[in-house]
Every structure is written in structure tokens, then in C-alpha cells.
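Have a look at the structure below, then the notes.
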Amino acid sequence: MNNIILVPTDFSEVCENAANQAAEAAKFFNYEVKLLHVIDKNTKAFLKEENLDAGSIDTRLKDIANELSEKYDVKVSYSSKAGDIFTTISDVAVEIGANLLYLGTHGKVGMQKLTGSFALKVIINSPVPVVTVQKRKFEKGFSKIVLPITSDAGPWEKTKWATFIAKQFGATIEIIQLEGAALDTTVKTMTDNFEESKVKYSVKVMGKGGDFVQKVIDYATSINSDLIMIMTNPDTNWASYFLGSYDENIIFNTSQIPTLCINPRKFNWEKIVNY
Numbered sequence: 005m006n007n008i009i010l011v012p013t014d015f016s017e018v019c020e021n022a023a024n025q026a027a028e029a030a031k032f033f034n035y036e037v038k039l040l041h042v043i044d045k046n047t048k049a050f051l052k053e054e055n056l057d058a059g060s061i062d063t064r065l066k067d068i069a070n071e072l073s074e075k076y077d078v079k080v081s082y083s084s085k086a087g088d089i090f091t092t093i094s095d096v097a098v099e100i101g102a103n104l105l106y107l108g109t110h111g112k113v114g115m116q117k118l119t120g121s122f123a124l125k126v127i128i129n130s131p132v133p134v135v136t137v138q139k140r141k142f143e144k145g146f147s148k149i150v151l152p153i154t155s156d157a158g159p160w161e162k163t164k165w166a167t168f169i170a171k172q173f174g175a176t177i178e179i180i181q182l183e184g185a186a187l188d189t190t191v192k193t194m195t196d197n198f199e200e201s202k203v204k205y206s207v208k209v210m211g212k213g214g215d216f217v218q219k220v221i222d223y224a225t226s227i228n229s230d231l232i233m234i235m236t237n238p239d240t241n242w243a244s245y246f247l248g249s250y251d252e253n254i255i256f257n258t259s260q261i262p263t264l265c266i267n268p269r270k271f272n273w274e275k276i277v278n279y
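What follows is the structure, encoded as C-alpha cells:
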């Protein structure tokens, strides 16, 4: 790991927003930012239609990198690489030793289809946690992080990342626990770690009736949360791993709150951040 935030971009508005939020986070983390454009068939079609050469991609990336570097006082590099967004992004993340990936998404549309439903495939292929960002702008980092607990799977990954981010930003962890004795032990393990690390937190227990996802989004909205953290489908069989409706509804939440998606340990165990 080289303390790098990777930001794929197709130059859309949401990718610009993701790049700005990534650069702001990099300043708090003391990380670098790496912009990436994957040159695929969509890029080639766009260049042909606009009568542009491939060099125009690097020129555009350079301009964005310079702007971000000047605005946030962080190191920003860039690269363009031929390939496929579903594999090239994850390959580059491993190649450069990225710790985190910021991904712009706004539902089901997008010039390069880097956003929308295609973004879900990028998330599940990522070897590092992914922060999904929509059009809504968030500034000054994170202050309230909502952490839904629906199973006892992956408490270590969630605890490590929640602690790391909360300590960097001075944020409070807002745990939303699905009612159940089995989860009490999991939450106790996590809160013990938060206390040891001097991280502020609160715990809210919700009953099993009704739409839990909507309860999470409504609660996050009501407290002006600026990040929701989820473990993506931890109980799904590895061979057919995919994102379910729970993950999608959180990621594409109508309040447009950024979501930190942590894949199960098999996908990202080597990338858990040391704090």
C-alpha cells in the first residue's frame, strides 16, 4: 500500500465531484490522488465522433490534476490506460498499491457507463474499499458516519475502516443495529475498539419490522450524515458474488450520501488500512 486514492473518471459531472471529494480526503489522510481514465470502446467512439486524438485524454487529465493539486494542496498524478473498466480499474489499484477508490455514480446512466449499474461491477471487482459519490457535493470531510450492522460478518474490516476515518476527521460513528442478541456481541466488540481508540460513537437499535434500508437512509438523512459504511453482501457464495438490493439501495440512496463499500475479506484483506 502506497497511501494512494485511485479515482477513475469518464469526465462526467459525478466523476468530477468524486475527484474533488477524493482530493479533500487525501489532504486529511496525507495520501496522494491518482486519476485514471480507461480507454475502452466508448472512449474511442467519443474521440472519433469529436475528431480528437488519444492525446487529448491525457491533456484533459493533466488539467484536472493541476486544478485539484492547486485547490487542495495534495499531490495528484494521472494516467490513461487501454482496457476494460471492469478489470483495468482493479488491476491499476493493485499495480499502484492504492488504499482506497473513489467512484462517481448517479443511477443508471453515464457516458462511459463508468457510473450507474456498471459501477456495481467495478465495486465488486475492487481489491480495495470503494467510496461511491453522486452529484451532491460534500465539503469539509466527514463528521457523522452511519454504520449499519445487519450480521456478524466482517466486523474487523468495518471496525478498522470506521476507526481510521473517524480519527482522521474527528467524526462520530453512528451505529444502527438490527435487533438481535447475536448482533449484540458483534456491536460490543466494535464499540470496545472504538473506546480503546478514543472514537466517539452512538448505538441505535432498530426492530426487524419494516424496510431496514429505508430506515438507515432516513436516519442518515435526519442527522445530516456525510458517509454510510457497508459491508457488501458478506454472506453471498464466493463463486456467484454480486451486489444485492440492500447494497444497491444504499449506494444509490436518494439523499445522495456517499457510501463506503467494503468487500468481504477474500476480496480486500490485504488492503485493510493500518492506523
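Be aware that the sequence shown starts at 5, since it is given in the numbering used here, and climbs by one per residue. Don't be surprised by glycine CBs; every beta carbon is placed ideally from N, CA and C. Computed from a prediction, not measured in an experiment: that's the story for all the values here.
The stretch 27-39 makes no contact with the stretch 149-165: fewer than 3 CB pairs, one atom from each, lie closer than 8 Å. Taking C-beta separations shorter than 8 Å and ignoring five residues to either side along the sequence, the partners of F173 in its chain run F32, G145, F146 and S147, following chain order. Note on S94: 16 or more other CB atoms within 10 angstroms of its CB, so buried under the neighbour-count rule. Annotation: I149 to Q25 spans about 15 Å, alpha carbon to alpha carbon. Here DSSP, grouped into helix, strand and coil, assigns E161 to helix. By DSSP's assignment, K208 forms a beta bridge with I180.
Cβ neighbours of E71 within its own chain (closer than 6 Å, five residues either side excluded): none.
As DSSP reads the structure, S81 sits in a beta bridge with K38. Annotated as proximal: V137 and A22, with beta-carbon spacing under 9 Å. By the C-beta criterion, the stretch 51-64 is judged not to be in contact with the stretch 74-81, since fewer than 3 inter-stretch pairs fall below 8 Å. Spanning the alpha carbons of G214 and I8 requires a straight line of approximately 40 Å. V96 is positioned such that its CB atom lies no closer than 9 Å to that of A27.
In this model, E199 and N55 are separated by some 58 Å (Cα to Cα).
Comparing alpha-carbon positions, the option among M235, I232, T92 and Y35 lying closest to N6 turns out to be Y35. Per DSSP, the continuous alpha helix (DSSP H) segment holding K75 begins and ends at G59 to Y76. With respect to the 9 Å criterion, L187 and D222 are not classified as neighbours on the basis of their beta carbons.
The residue among F90, K212, K192 and V217 with its C-alpha nearest the C-alpha of Y205 is K192.
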